[in-house]
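Chains as they are written, first to last, in my numbering: chain A, 47 to 235; chain B, -3 to 258.
Working notes for the structure below.
Following this line, the structure appears as structure tokens:
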């Protein structure tokens, strides 16, 4: 579901059904933690609103971050680890997307030779979508398995001050995001 | 316009425009997606001249980039231009084809600037704040319905109703009025909408913060106020919100290590 919804972020339609606050609700709902998923989604949405998807700009992926964070919350990971794990996975996803885009340049060159323009565009688009969804799925699934294991084995033994720090950062994230949105709104256009 | 686009053809091109960015790549950006969207119409216009059809496809594989919603307006203008080019011969055809390339390169970039500011820079944050405020309203009014469903639906509607209207109207206007549709855009006063939306979003964000604060216990309220105030100062200085969250986490860990916060 996460991988399918994420396609909306850049590749299909951009209806914003993939936006973090929606992704958090849907994936969180499927993982059994809709309210927590929604809160994490809102936090990630507000943190990511300052980066605009303009031109070829790739910052960390908010939709992947929210989906993974909601899945981690559903797997009963601590809220700080869920948020941080989601953001790290979102950053990794952007790195992989940059690699995918470079690979597509090669496919584009083949298209420009005119060899595939008669029949190949539709299937090529479907293949591109499937490959991207597969990358997202594998990355998100690996991240959830690894980060939830880290939470159980390592994080529970980490110094208390670190755990509190991560928890406070997660709690304060929406406030920081709201402040950022306020400042952006007040700046001159 | 020399060849009328049937409603079915409009629907086909419009549906395919949803996949504009599927083939996004650094060298040509949205060119593959744009060609994919236009392909049925190119077939209808140039189908009787197979070499011209091949050339038309190759032309549209050249660099193209704009905002995904602005692409609908440009697609309308380009479709009209392709039909006009196919209806003439010789030098006139060459001039018509050059005009199409110019629409894409010249207007693509300038429209992207306006649409990016309106849809990504103003409407996207505004719709997020609308969603958050609606969710709080459900909680505060004690309505027995999941707040996150209401908030999510409100955010989606607040973005998509204007966005889909802009897509469809842009496509139609482009088809009907060609280049003149750009004059219509210029007369809309979009800059005023952007300023209004951004100010309203800032006010909505403050209201959402106050509503949220009203349901917190005192200790968490303190953390919220401190992080919100620090966020205002740091955001004003251009520090990324994600980095600010990292600072807050590190500061909280340090304070906790001293035993002041348990």
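Every residue, glycine too, gets a C-beta built ideally from N, C-alpha and C.
Here the structure is a predicted model, which means the values were calculated and not measured.
### Message
Against chain E, which members of the segment 91 to 113 of chain B pass a CB distance test of less than 8 Å?
### Response
Annotation note: the requested chain E is absent from the structure, which comprises protein chains A and B.
### Query
Helix or strand or just coil, what does DSSP make of residue 132 of chain B?
helix
### Query
Helix, strand or coil: how does DSSP classify residue 21 of chain B here?
strand
### Message
On the CB-based measure, 16 or more other CB atoms within 10 Å of its CB, does residue 1 of chain B come out buried or exposed?
### Response
buried
#### Entry: residue 144 of chain B (DSSP reduced to helix, strand or coil)
helix
### Task
If I'm right that residue 190 of chain A touches residue 117 of chain A with Cβ under 8 Å, what's the distance once you round it to whole angstroms?
5 Å
### Task
Classify residue 60 of chain B as helix, strand or coil using the three-state DSSP reduction.
strand
### Query
Expressed to the nearest angstrom, what Euclidean distance is found between the alpha-carbon atoms of residue 228 of chain A and residue 8 of chain B?
41 Å
### Query
Taking DSSP as the reference, what is the three-state secondary structure of residue 162 of chain B?
helix
### Task
Take residue 217 of chain B as the anchor and find which of A:226, A:232, A:135 and A:214 has the nearest alpha-carbon.
A:214
### Query
So, are the CB atoms of residue 122 of chain B and residue 154 of chain B less than 8 Å apart?
yes
### Message
Are the CB atoms of residue 148 of chain B and residue 127 of chain B within a distance shorter than 8 Å?
### Response
yes
### Task
Just the C-alpha distance for residue 98 of chain A and residue 55 of chain A, rounded to the nearest angstrom, thanks.
12 Å
### Query
Leaving out five residues before and five after residue 61 of chain A in sequence, what residues of the same chain have Cβ atoms less than 8 Å from its Cβ?
54
### Message
For a test of your reading of the model: does the CB of residue 109 of chain B fall under 7 Å from any non-hydrogen atom of the ligand COA? Yes or no.
### Response
The model depicted lacks the ligand COA and carries no ligand whatsoever.
### Query
Quick one: is residue 222 of chain A buried, meaning 16 or more other Cβ sit within 10 Å of its Cβ, or exposed?
buried
### Query
Which bits of chain A does residue 246 of chain B rub up against, with CB to CB less than 7 Å?
211
### Query
How would you write the range of the alpha helix (DSSP H) that residue 114 of chain B sits in, first residue to last?
Run containing residue 114 of chain B: none; DSSP gives neither H nor E here.
### Message
Rounding to the nearest angstrom, what Cα-Cα distance links residue 239 of chain B and residue 91 of chain A in this structure?
### Response
15 Å
### Backbone CA spacing between residue 178 of chain A and residue 11 of chain B [nearest angstrom]
20 Å
### Query
If we cut at 8 Å on Cβ distances, does residue 210 of chain B have a partner in chain A?
no
### Query
Do three or more CB pairs link the segment 117 to 131 of chain A to the segment 71 to 86 of chain A at distances below 8 Å?
yes
### Segment limits, alpha helix (DSSP H) that includes residue 102 of chain B
That residue, residue 102 of chain B, is in no alpha helix (DSSP H); it is neither H nor E in DSSP.
### Query
Considering only residues of the same chain and omitting the five flanking positions on each side of residue 189 of chain B, which have a CB-CB separation below 7 Å?
114
### Task
Would you give the residue range spanned by the alpha helix (DSSP H) that residue 179 of chain B belongs to?
176 to 182
### Message
Using a Cβ-Cβ cutoff of less than 7 Å, which residues in the same chain neighbour residue 137 of chain A once the five nearest sequence positions on both sides are dropped?
### Response
106
### Query
Residues of chain B with a CB under 7 Å from the CB of residue 98 of chain A: which are they?
112, 116 and 117
### Query
Would residue 3 of chain B be called buried (16 or more neighbouring beta carbons within 10 Å of its own) or exposed?
exposed
### Task
Please determine, among A:77, A:232 and A:206, the residue with the shortest C-alpha to C-alpha distance to residue 246 of chain B.
A:206
### Any chain B beta carbon closer than 8 Å to residue 64 of chain A
no
### Message
Report the CB separation of residue 98 of chain B from residue 58 of chain B in whole angstroms; it is logged as a contact under 8 Å.
### Response
Going by Cβ atoms, the distance from residue 98 of chain B to residue 58 of chain B rounds to 12 Å, so no, they are not a contact pair.
### Message
Is residue 221 of chain A close to chain B? Criterion is C-beta to C-beta, closer than 8 Å.
### Response
yes
### Query
Hey, residue 135 of chain A and residue 186 of chain A are a contact pair by Cβ (cut 8 Å); roughly how many whole angstroms apart?
7 Å
### Task
Please name the residues in the segment 191 to 208 of chain A whose beta-carbon is closer than 8 Å to at least one beta-carbon of chain B, in chain order.
205, 206, 207 and 208
### Query
Does the segment 38 to 53 of chain B come close enough to the segment 136 to 143 of chain B that 3 or more CB-CB pairs lie under 8 Å?
no
### Query
Taking the alpha-carbon positions, what's the residue 63 of chain A to residue 151 of chain B distance?
9 Å
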